[in-house]
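Start counting the sequence shown at 12; every next residue gets the next number (this note's numbering).
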Amino acid sequence: DCLLLRRGGSYTAGHDPDRPLNLIAVHFELLDAGGVRLDPSPDELPPFSRKMEAGSFFQELLTRAVNCHQDGDRQGACAWLQVAFMEVIRQDVRTRPTGLLGDQARRIEQICERIRRDPGRPVQVEELADEMHVSPKHFHRIFRRFQGVSPRAFITRTRLEAAQMLLLTSNHSIARIAEMLGYDTPFYFSRQFKAKVGLSPSDFRKGDRKGTIAPGPAHVVK
């Protein structure tokens with residue numbers, strides 16, 4: 012899998028210690044021809060995630076970029092990273108839906124990115140459907156086609172992922188985290204968290220996280 016994390020975003024990930032991940036992380040900035048940093052809007056960026064078809068080849072490209080960076084070879088690191096990006100773009104273009112499906116995919120991704128950026132913002136599926144000029148029932152079908160889950164399930168998952176990050180990296184009380192993420196009461200937040208994650212928020216914060224959505228040691232990127 013290849014994830015393009017957005018600048019300024021906060022993400023939580025982890026792994027099962029019995030099946031550890033092989034993780035390669037590369038921090039980069041987009042520059043114009045004059046070396047000035049670009050700040051594209053979310054809808055101008057490539058999709059958040061994709062499963063690379065040539066996984067071993069892509070991993071080798073990133074490994075070479077990292078090795079050059081560690082050796083102080085900035086030019087080499089940039090060159091290998093550019094090749095890796097060409098591979099991402101090539102695959103995205105080839106697999107991108109076209110016509111009406113392409114437009115729907117882009118709009119759904121924009122909605123998802125908005126939810127990821129502000130998971131505590133109240134979201135009504137009916138409003139999202141109106142935004143796409145379709146009925147709630149049809150919006151549900153479109154959303155599930157591109158995301159694999161219902162809109163409500165995506166919102167819940169995004170909020171719980173944000174909750175895990177806040178539990179791991181902040182001193183906010185559980186009640187405050189529930190409020191930040193749009194829950195009416197700490198009780199409802201705790202009940203949903205335990206139902207989906209398998210632990211209460213307080214137990215998750217203590218560190219017993221094996222088997223949760225983000226099991227094992229967490230890697231938080233800001």
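Ideal Cβ placement from N, Cα and C applies to all residues, glycine included.
- Distance from the CA of Leu41 to the CA of Phe198, rounded to the nearest whole angstrom, comes to 43 angstroms.
- For Tyr194, the three-state secondary structure derived from DSSP is coil.
- With a threshold of 16 other beta carbon atoms within 10 Å, Ala24 meets it and is buried.
- Checking the DSSP bridge columns, you'll see Leu14 partnered with Ser60.
- Residue pairing by DSSP places Leu179 in no beta bridge whatsoever.
- Annotation: the continuous alpha helix (DSSP H) that includes Ala76 extends over Gly66 to Gln81.
- Assignment of beta-bridge partners to Asp27 by DSSP yields Arg30.
- According to DSSP, Arg48 shares a beta bridge with Leu42.
- At the C-beta level, Gly131 and Leu72 stay beyond 8 angstroms of one another.
- Counted as a single uninterrupted DSSP element, the stretch harbouring Asp84 is not any alpha helix (DSSP H), since DSSP gives it neither H nor E.
- The closest CA to that of Asp50, considering only Ile35, Val145, Pro31 and Gly19, is found on Gly19.
- Counted as a single uninterrupted DSSP element, the stretch harbouring Ala36 is not any alpha helix (DSSP H), since DSSP gives it neither H nor E.
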